[in-house]
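Taken in order, these protein sequences are the chains called C and U.
Quick note on my numbering: the first sequence kicks off at 540 and runs consecutively.
Quick note on my numbering: the second sequence kicks off at 540 and runs consecutively.
Encoded as structure tokens, the structure appears first; notes follow it.
2 protein chains.
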Amino acid sequence: MNDLTAIPRTTIERLPMYLRCLLEAQSQRMPIVNSQLLAEMCGTNAAQVRKDFSYLGELGTRGIGYDVNALVAHISTVLGITELRRAVLVGYGRFGSALLGYPGFAERGFEIVAVIDADPAKVGTDVDGLTVADTADLERVVTDTGAEIAILATPANATQSIADRLVGAGIRGILNLAPVRLNVPESVAVRQVCLSTELQVLSFHLAQNAL
Amino acid sequence: MNDLTAIPRTTIERLPMYLRCLLEAQSQRMPIVNSQLLAEMCGTNAAQVRKDFSYLGELGTRGIGYDVNALVAHISTVLGITELRRAVLVGYGRFGSALLGYPGFAERGFEIVAVIDADPAKVGTDVDGLTVADTADLERVVTDTGAEIAILATPANATQSIADRLVGAGIRGILNLAPVRLNVPESVAVRQVCLSTELQVLSFHLAQNAL
């Protein structure tokens, strides 16, 4: 395999989209797709598809296209989701509870194996087949479940200290939904999703278009 | 003001973070910040701050720094959030209901003025002071509320047709939380948030770090 650490960030961010479109092609029993068709399915252009895939190695056959099954397997391997990855959800408020019910996680390679909250009223209750664990037991929960990823839906002011403890317990990837920028060691991958930021970026475009 | 349409996308995406840190500085009654301090607050570096701000015009005083109040006002203007912007929330499922309770929206310049759902069991019910409107009345709701932005938490297969109707009704910005890529006219700004995609990008980094 090519040196995948050299893949541009924007290409990595498009791989999930390609995989989703390829799974759709697979479900329609299409054996082969070319870059033009895949681009149409994904809403991008063929040159972009070919460029992105060039980072993944020699994948297609010129003039024919890509073998759908082989490409699904290859991108799943690159994304490290050939087996379910285990995630803990920290913070079972209104947002956290919605995340637990998010149907996309299991389909896309992830299993939420534990829910953690600091509220004594929630600790010990059953939620979607899991028992809410106490934040005090966070390290033990991470160890016992073998979780690698944490999804943080914690109050802003608690988030950094929770993140520190998760990293100390062995968590290697964090999806942070709290509106706080995290400081973690370089070896830990972080993705930050802030819906207010997204709205402000939208607002910027609205303001510029109105001029 | 400079030509803001020339601001790089990555700079635009950092403006909300700068604004958040500047509001924090304001709340601590700091009259002036320099790029080094602001960078530390935001978790970036001073050169990045200066580069980003250079796109916004002549803002600071060399050797002194930036006037916090003036910078808050300026970035708020650039982001178009000096007045509350109105948004409709479409899709009041588990995820949609969590979004309605998201405390960051009002603080950050946005007001959810209507909730729309297709489920007869939800239509007409009161949720956080709003009455759930019927998807059939979507166009009227957009017109009556004067909403400019739509937040989509709809089932994947309904999302494109809902988006088409919203655009027809005058919506100019869409925050799409459904795992579907939208096709909309170029004049409509779209931000796509897909949590499964974020997890897959995390997984990529985990897979690479494990090699």
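Just so it is clear, CB atoms sit at the ideal spot from N, CA and C, and this is done for glycine as well.
Keep in mind that this is a model prediction, so the values were computed, not measured.
C-alpha gap between residue i and residue j, whole angstroms
i	j	result
residue 664 of chain C	residue 682 of chain C	21 Å
residue 717 of chain U	residue 731 of chain U	8 Å
residue 689 of chain U	residue 628 of chain U	6 Å
residue 645 of chain U	residue 638 of chain U	12 Å
residue 543 of chain U	residue 589 of chain U	16 Å
residue 772 of chain C	residue 675 of chain C	Outside the displayed range of chain C (540 to 750) lies residue 772 of chain C, so it cannot be described from this structure.
residue 591 of chain U	residue 748 of chain C	21 Å
residue 568 of chain U	residue 598 of chain U	19 Å
residue 700 of chain C	residue 687 of chain C	18 Å
residue 551 of chain C	residue 545 of chain C	10 Å
residue 566 of chain C	residue 715 of chain C	32 Å
residue 660 of chain U	residue 660 of chain C	29 Å
Check whether residue i and residue j have beta carbons under 7 Å apart
i	j	result
residue 625 of chain U	residue 712 of chain U	no
residue 619 of chain U	residue 746 of chain C	yes
residue 611 of chain U	residue 561 of chain U	yes
residue 720 of chain U	residue 582 of chain C	yes
residue 723 of chain C	residue 702 of chain C	yes
residue 671 of chain U	residue 654 of chain U	yes
residue 575 of chain U	residue 585 of chain U	yes
residue 666 of chain C	residue 673 of chain C	no
Best match in the options for proximity to residue i [C-alpha to C-alpha]
i	options	result
residue 633 of chain C	U:707, U:553, U:627, U:642	U:642
residue 733 of chain U	U:563, U:666, U:691	U:691
residue 577 of chain U	U:605, U:695, U:696	U:605
residue 697 of chain C	C:709, C:668, C:658, C:573	C:658
residue 709 of chain C	C:726, C:699, C:552	C:726
residue 587 of chain C	C:728, C:748, C:553, C:700	C:553
residue 743 of chain C	U:729, U:570, U:580	U:729
residue 669 of chain U	U:569, U:636, U:608	U:636
residue 572 of chain C	C:546, C:545, C:609	C:609
residue 631 of chain C	C:597, C:694, C:607	C:694
Cut-off 7 Å between Cβ atoms - residues of its own chain near residue i, not counting five sequence neighbours on either side
i	result
residue 623 of chain U	648, 649, 650
residue 656 of chain C	630, 631, 662, 671, 674
Sequence-distant residues of the same chain with beta carbon closer than 6 Å to residue i, five excluded per side
i	result
residue 704 of chain U	677
residue 756 of chain U	Because chain U is modelled from 540 through 750, residue 756 of chain U falls outside the range shown and cannot be assessed.
residue 621 of chain U	615
residue 706 of chain C	723, 727
Nonlocal neighbours in the same chain, by C-beta distance under 8 Å from residue i, ignoring five residues either side
i	result
residue 570 of chain C	606, 607, 608
residue 580 of chain U	560, 563, 564, 572
residue 521 of chain C	The structure shown does not extend to residue 521 of chain C, since chain C is modelled only from 540 to 750, so the question has no answer here.
With a threshold of 8 Å, are at least 3 pairs of Cβ atoms found where one atom belongs to the stretch 737-744 of chain U and the other to the stretch 553-565 of chain U? At 8 Å Cβ cutoff, the stretches do not touch.
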